[in-house]
Amino acid sequence: MHSLTVFQQNFAIAERLLQQFQLAGGLAWSAPSEALLRALPGAWAAGGTGGAQLAANEQVLILFRSTARIPGSLRVEGGLDFLLRQAVVVTCTALETFLWEVVRGAALTVVRARRRGADDELRNLTLTLEEYVSLDAAADPDSRLREILLARFDRQVLYDVSSIERVARMLGVKDFWGRVEQVSGTPAAGLRALVGELVARRNLITHRADRAHEGEPADGHGLRPITLSWTNMRLQATNTVATAAAEVFAAALARLSKESSK
86 MHSLTVFQQN FAIAERLLQQ FQLAGGLAWS APSEALLRAL PGAWAAGGTG GAQLAANEQV
146 LILFRSTARI PGSLRVEGGL DFLLRQAVVV TCTALETFLW EVVRGAALTV VRARRRGADD
206 ELRNLTLTLE EYVSLDAAAD PDSRLREILL ARFDRQVLYD VSSIERVARM LGVKDFWGRV
266 EQVSGTPAAG LRALVGELVA RRNLITHRAD RAHEGEPADG HGLRPITLSW TNMRLQATNT
326 VATAAAEVFA AALARLSKES SK
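For the sequence shown, the working numbering assigns the number 86 to the initial residue and increments by one for each residue that follows.
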(Lines of atoms letter the chains of each structure in order from A and count residues from 1; the text may use other names and numbers.)
(Lines give C-alpha, C1' and ligand atoms only; values in the text may rest on other atoms or scores of the structure.)
Protein backbone atom coordinates (compact mmCIF):
# COMPACT_ATOMS: atom_id res chain seq x y z
CA MET A 1 0.00 0.00 0.00
CA HIS A 2 1.58 3.27 -1.18
CA SER A 3 0.34 5.26 1.80
CA LEU A 4 2.16 2.94 4.24
CA THR A 5 5.39 3.23 2.25
CA VAL A 6 5.17 7.02 2.47
CA PHE A 7 4.57 6.77 6.22
CA GLN A 8 7.53 4.46 6.74
CA GLN A 9 9.86 6.76 4.80
CA ASN A 10 8.87 9.75 6.95
CA PHE A 11 8.83 7.74 10.18
CA ALA A 12 12.42 6.64 9.54
CA ILE A 13 13.45 10.30 9.87
CA ALA A 14 11.86 10.48 13.32
CA GLU A 15 13.74 7.35 14.36
CA ARG A 16 17.02 8.88 13.20
CA LEU A 17 16.31 11.93 15.36
CA LEU A 18 15.97 9.65 18.37
CA GLN A 19 19.22 7.92 17.45
CA GLN A 20 20.99 11.28 17.29
CA PHE A 21 19.61 12.15 20.73
CA GLN A 22 20.89 8.87 22.15
CA LEU A 23 24.33 9.32 20.60
CA ALA A 24 24.92 12.92 21.64
CA GLY A 25 22.88 13.22 24.82
CA GLY A 26 24.43 13.44 28.28
CA LEU A 27 27.97 14.21 27.17
CA ALA A 28 30.51 14.73 29.97
CA TRP A 29 33.27 17.22 29.10
CA SER A 30 36.91 17.03 30.16
CA ALA A 31 40.46 17.62 28.99
CA PRO A 32 41.88 14.57 27.18
CA SER A 33 44.65 12.69 28.92
CA GLU A 34 48.19 12.79 27.61
CA ALA A 35 48.01 9.06 26.94
CA LEU A 36 45.00 9.58 24.67
CA LEU A 37 46.68 12.43 22.83
CA ARG A 38 49.80 10.33 22.23
CA ALA A 39 47.65 7.54 20.81
CA LEU A 40 46.08 9.79 18.17
CA PRO A 41 46.85 9.18 14.48
CA GLY A 42 49.80 11.21 13.26
CA ALA A 43 47.76 13.29 10.84
CA TRP A 44 45.36 14.40 13.60
CA ALA A 45 48.16 15.13 16.06
CA ALA A 46 50.10 17.08 13.44
CA GLY A 47 47.40 19.72 13.47
CA GLY A 48 48.09 20.45 17.12
CA THR A 49 46.37 19.12 20.21
CA GLY A 50 46.65 22.13 22.49
CA GLY A 51 43.32 23.07 24.03
CA ALA A 52 41.59 19.92 22.74
CA GLN A 53 38.37 18.91 24.52
CA LEU A 54 36.94 15.48 25.18
CA ALA A 55 33.21 14.72 25.30
CA ALA A 56 31.96 11.26 26.19
CA ASN A 57 28.88 9.31 27.21
CA GLU A 58 27.97 5.62 27.24
CA GLN A 59 27.70 5.55 23.46
CA VAL A 60 30.44 7.77 22.02
CA LEU A 61 33.74 9.49 22.70
CA ILE A 62 34.41 12.69 20.73
CA LEU A 63 37.62 14.67 20.61
CA PHE A 64 37.35 18.32 19.54
CA ARG A 65 40.18 20.56 18.41
CA SER A 66 40.41 23.90 20.15
CA THR A 67 39.38 25.57 16.87
CA ALA A 68 36.20 23.49 16.49
CA ARG A 69 32.90 25.37 16.74
CA ILE A 70 30.98 23.31 19.29
CA PRO A 71 27.19 23.77 19.29
CA GLY A 72 26.04 25.21 22.60
CA SER A 73 23.22 22.64 22.72
CA LEU A 74 25.81 19.91 23.35
CA ARG A 75 26.89 21.58 26.58
CA VAL A 76 23.56 22.71 28.06
CA GLU A 77 21.35 20.35 30.04
CA GLY A 78 18.31 19.61 27.92
CA GLY A 79 19.94 21.30 24.95
CA LEU A 80 19.23 18.34 22.69
CA ASP A 81 15.59 18.00 23.67
CA PHE A 82 14.74 19.81 20.44
CA LEU A 83 15.55 16.52 18.67
CA LEU A 84 12.77 14.81 20.61
CA ARG A 85 10.34 17.60 19.81
CA GLN A 86 11.27 17.38 16.14
CA ALA A 87 10.66 13.63 16.28
CA VAL A 88 7.16 14.32 17.63
CA VAL A 89 6.42 16.75 14.79
CA VAL A 90 7.89 14.48 12.11
CA THR A 91 5.93 11.45 13.31
CA CYS A 92 2.65 13.36 13.30
CA THR A 93 3.45 14.67 9.83
CA ALA A 94 4.13 11.09 8.74
CA LEU A 95 0.75 10.00 10.11
CA GLU A 96 -0.98 13.00 8.56
CA THR A 97 0.60 12.25 5.17
CA PHE A 98 -0.41 8.60 5.53
CA LEU A 99 -4.05 9.58 6.08
CA TRP A 100 -3.98 12.06 3.22
CA GLU A 101 -2.57 9.43 0.85
CA VAL A 102 -5.28 6.99 1.95
CA VAL A 103 -7.99 9.58 1.29
CA ARG A 104 -6.46 10.67 -2.01
CA GLY A 105 -6.17 7.10 -3.26
CA ALA A 106 -9.63 6.04 -2.09
CA ALA A 107 -11.66 9.16 -2.84
CA LEU A 108 -12.95 8.19 -6.28
CA THR A 109 -13.89 4.68 -5.12
CA VAL A 110 -15.68 6.16 -2.12
CA VAL A 111 -17.58 8.63 -4.30
CA ARG A 112 -18.74 5.88 -6.64
CA ALA A 113 -19.87 3.75 -3.71
CA ARG A 114 -21.51 6.61 -1.82
CA ARG A 115 -25.03 5.47 -2.59
CA ARG A 116 -24.36 2.06 -1.06
CA GLY A 117 -24.25 2.61 2.70
CA ALA A 118 -21.94 5.61 2.72
CA ASP A 119 -20.97 7.24 5.97
CA ASP A 120 -23.26 10.05 7.11
CA GLU A 121 -20.50 12.61 6.62
CA LEU A 122 -20.38 11.78 2.92
CA ARG A 123 -24.09 11.20 2.47
CA ASN A 124 -24.83 14.58 4.03
CA LEU A 125 -21.92 16.41 2.40
CA THR A 126 -22.88 20.09 2.15
CA LEU A 127 -21.82 21.92 -0.98
CA THR A 128 -21.37 25.63 -1.47
CA LEU A 129 -23.33 27.22 -4.30
CA GLU A 130 -20.14 27.50 -6.33
CA GLU A 131 -19.34 23.82 -5.80
CA TYR A 132 -22.90 22.80 -6.70
CA VAL A 133 -22.75 24.78 -9.95
CA SER A 134 -19.35 23.33 -10.84
CA LEU A 135 -20.61 19.82 -10.08
CA ASP A 136 -23.69 20.30 -12.23
CA ALA A 137 -21.56 21.57 -15.11
CA ALA A 138 -18.81 18.95 -14.83
CA ALA A 139 -18.36 16.45 -17.64
CA ASP A 140 -17.48 13.85 -14.99
CA PRO A 141 -19.47 14.63 -11.80
CA ASP A 142 -17.76 11.82 -9.86
CA SER A 143 -14.30 13.26 -10.51
CA ARG A 144 -15.46 16.74 -9.52
CA LEU A 145 -17.04 15.38 -6.34
CA ARG A 146 -13.73 13.65 -5.59
CA GLU A 147 -11.97 17.03 -5.81
CA ILE A 148 -14.48 18.55 -3.40
CA LEU A 149 -14.05 15.66 -0.98
CA LEU A 150 -10.26 15.99 -1.04
CA ALA A 151 -10.55 19.72 -0.39
CA ARG A 152 -12.57 18.96 2.76
CA PHE A 153 -9.84 16.73 4.13
CA ASP A 154 -7.03 19.00 3.00
CA ARG A 155 -8.27 21.69 5.39
CA GLN A 156 -7.86 19.55 8.52
CA VAL A 157 -6.31 16.11 8.20
CA LEU A 158 -4.90 15.46 11.67
CA TYR A 159 -5.86 17.91 14.40
CA ASP A 160 -6.67 15.19 16.91
CA VAL A 161 -7.02 11.42 17.05
CA SER A 162 -10.64 11.55 15.86
CA SER A 163 -9.29 12.50 12.42
CA ILE A 164 -8.10 8.92 11.99
CA GLU A 165 -11.57 7.66 12.83
CA ARG A 166 -13.02 10.10 10.31
CA VAL A 167 -10.98 8.51 7.50
CA ALA A 168 -11.98 5.06 8.72
CA ARG A 169 -15.68 5.96 8.64
CA MET A 170 -15.29 7.33 5.15
CA LEU A 171 -14.05 3.89 4.08
CA GLY A 172 -16.92 2.17 5.85
CA VAL A 173 -14.86 0.90 8.80
CA LYS A 174 -17.25 1.05 11.74
CA ASP A 175 -15.05 -0.23 14.60
CA PHE A 176 -11.65 1.11 13.57
CA TRP A 177 -9.84 0.69 16.90
CA GLY A 178 -11.27 -2.77 17.39
CA ARG A 179 -9.93 -3.76 13.98
CA VAL A 180 -6.54 -2.23 14.76
CA GLU A 181 -6.38 -4.25 17.98
CA GLN A 182 -7.31 -7.38 16.06
CA VAL A 183 -4.59 -6.83 13.45
CA SER A 184 -1.82 -5.60 15.75
CA GLY A 185 -2.53 -7.68 18.85
CA THR A 186 -2.13 -4.53 20.98
CA PRO A 187 -4.94 -3.16 23.21
CA ALA A 188 -6.75 -0.43 21.28
CA ALA A 189 -7.40 1.84 24.27
CA GLY A 190 -3.69 2.19 24.98
CA LEU A 191 -2.81 2.85 21.35
CA ARG A 192 -5.52 5.47 20.99
CA ALA A 193 -4.41 7.25 24.16
CA LEU A 194 -0.73 7.28 23.18
CA VAL A 195 -1.36 8.55 19.65
CA GLY A 196 -3.74 11.17 21.02
CA GLU A 197 -1.08 12.40 23.44
CA LEU A 198 1.48 12.59 20.63
CA VAL A 199 -0.83 14.64 18.41
CA ALA A 200 -1.72 16.94 21.31
CA ARG A 201 1.99 17.49 22.03
CA ARG A 202 2.62 18.22 18.34
CA ASN A 203 -0.05 20.91 18.50
CA LEU A 204 1.59 22.45 21.56
CA ILE A 205 5.00 22.38 19.90
CA THR A 206 3.82 23.96 16.67
CA HIS A 207 1.49 26.55 18.21
CA ARG A 208 3.29 27.41 21.47
CA ALA A 209 6.85 26.17 20.85
CA ASP A 210 6.09 23.73 23.73
CA ARG A 211 6.22 26.55 26.28
CA ALA A 212 4.77 25.60 29.65
CA HIS A 213 1.70 27.42 30.95
CA GLU A 214 1.95 29.16 34.30
CA GLY A 215 1.92 26.58 37.06
CA GLU A 216 2.95 23.70 34.78
CA PRO A 217 6.28 21.87 35.21
CA ALA A 218 9.00 23.42 33.04
CA ASP A 219 12.63 22.72 32.23
CA GLY A 220 15.43 25.25 32.47
CA HIS A 221 14.30 26.83 29.19
CA GLY A 222 10.67 27.34 30.23
CA LEU A 223 9.49 24.42 28.07
CA ARG A 224 7.49 21.36 28.98
CA PRO A 225 9.83 18.54 29.99
CA ILE A 226 10.24 15.78 27.41
CA THR A 227 12.13 12.50 27.65
CA LEU A 228 13.37 9.85 25.27
CA SER A 229 11.19 7.16 26.84
CA TRP A 230 8.03 9.31 26.62
CA THR A 231 8.71 10.15 23.00
CA ASN A 232 9.75 6.68 21.86
CA MET A 233 6.72 4.99 23.44
CA ARG A 234 4.34 7.25 21.52
CA LEU A 235 6.30 7.03 18.28
CA GLN A 236 6.16 3.24 18.36
CA ALA A 237 2.43 3.31 19.13
CA THR A 238 1.88 5.53 16.10
CA ASN A 239 3.91 3.17 13.94
CA THR A 240 1.79 0.25 15.16
CA VAL A 241 -1.45 2.12 14.40
CA ALA A 242 -0.36 3.17 10.90
CA THR A 243 0.84 -0.35 10.03
CA ALA A 244 -2.37 -1.96 11.23
CA ALA A 245 -4.55 0.78 9.71
CA ALA A 246 -2.97 0.18 6.29
CA GLU A 247 -4.20 -3.41 6.40
CA VAL A 248 -7.63 -2.41 7.69
CA PHE A 249 -8.03 0.32 5.08
CA ALA A 250 -6.84 -1.93 2.23
CA ALA A 251 -9.51 -4.50 3.10
CA ALA A 252 -12.19 -1.80 3.34
CA LEU A 253 -11.18 -0.27 0.02
CA ALA A 254 -11.25 -3.66 -1.70
CA ARG A 255 -14.79 -4.16 -0.40
CA LEU A 256 -15.86 -0.71 -1.60
CA SER A 257 -14.36 -1.33 -5.04
CA LYS A 258 -16.29 -4.56 -5.31
CA GLU A 259 -19.54 -2.90 -4.26
CA SER A 260 -19.13 0.07 -6.60
CA SER A 261 -18.61 -2.24 -9.58
CA LYS A 262 -21.95 -3.96 -9.07
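Backbone N, C-alpha and C fix where the C-beta goes; we use that ideal spot for every residue, glycine too.
Keep in mind it's a predicted model, so treat the numbers as computed, not measured.
Requested in this report: Measure from the alpha carbon of V188 to the alpha carbon of each residue in F106, D295, E232 and L112, then state which is nearest.
Outcome: As a working note, residue 188 is residue 103 in the sequence shown. The shortest C-alpha to C-alpha distance from V188 to any of F106, D295, E232 and L112 is the one to E232.
Query - Sheet register partners of W114 (DSSP bridge) - result: For this step, residue 114 is matched to residue 29 along the sequence shown. DSSP, once it has assigned bridges, lists A140 as partnering W114.
Query raised in the report: What separation, rounded to the nearest whole angstrom, lies between the Cα atoms of Q105 and L168?
Result: Taking the sequence shown and counting its residues from 1, the one referred to as residue 105 is at position 20. Taking the sequence shown and counting its residues from 1, the one referred to as residue 168 is at position 83. Spanning the two alpha carbons is a distance of roughly 8 Å.
Requested in this report: List the residues that DSSP assigns as beta-bridge partners of I147.
Outcome: Indexing the sequence shown from 1 puts residue 147 at position 62. A140, per the DSSP bridge assignment.
Report task. For V91, collect the residues of the same chain with a Cβ closer than 7 Å to its Cβ; drop the 5 residues on either side in sequence, then sort them by chain order. Result -> Looking up residue 91 in the sequence shown gives position 6. Taking V91 as the centre and dropping the five residues before and after it, the same chain places the C-beta of T182, F183 and E186 closer than 7 Å to its C-beta, in chain order.
Query raised in the report: Between which two residues does the alpha helix (DSSP H) harbouring I249 extend?
Result: Translated into the one-based positions of the sequence shown, residue 249 becomes position 164. Run containing I249: S247 to M255, per the alpha helix (DSSP H) assignment.
Requested in this report: Alpha carbon to alpha carbon, how far is A330 from L256? Give it in angstroms, no decimals.
Outcome: As a working mapping, residue 256 is identified with position 171 in the sequence shown. As a working mapping, residue 330 is identified with position 245 in the sequence shown. C-alpha separation (whole angstroms): 11 Å.
Query raised in the report: Mapping DSSP to helix, strand and coil, what is L125?
Result: Within the sequence shown, numbered from 1, the residue matching residue 125 stands at position 40. L125 falls in the coil class under three-state DSSP.
Requested in this report: Compare the Cα-Cα distances from Q171 to each of A327, L276 and R101 and report the closest residue.
Outcome: Translated into the one-based positions of the sequence shown, residue 171 becomes position 86. Of A327, L276 and R101, the residue nearest in Cα terms is R101.
Query raised in the report: With DSSP run on the structure shown, which of helix, strand or coil describes L180?
Result: Counted from its first residue, the sequence shown places residue 180 at position 95. L180 falls in the helix class under three-state DSSP.
Query raised in the report: Would G322 pass as a contact of L289 if the rule is Cβ separation under 9 Å?
Result: Here residue 322 corresponds to residue number 237 of the sequence shown, with the count starting at 1. Here residue 289 corresponds to residue number 204 of the sequence shown, with the count starting at 1. According to the sequence shown, residue 322 is Ala rather than Gly. Cβ atoms of A322 and L289: not closer than 9 Å.
Query raised in the report: Is DSSP giving L308 helix, strand or coil here?
Result: Translated into the one-based positions of the sequence shown, residue 308 becomes position 223. Looking at L308 - three-state DSSP - the assignment turns out to be strand.
Query raised in the report: For R296, which of helix, strand or coil comes out of DSSP?
Result: By one-based count along the sequence shown, residue 296 stands at place 211. Looking at R296 - three-state DSSP - the assignment turns out to be strand.
Query raised in the report: Nearest to L313 by CA position, among L108, A97 and A137, is which residue?
Result: Counting from 1 along the sequence shown, the entry for residue 313 is found at position 228. Comparing Cα-Cα distances from L313 to each of L108, A97 and A137, the minimum goes to L108.
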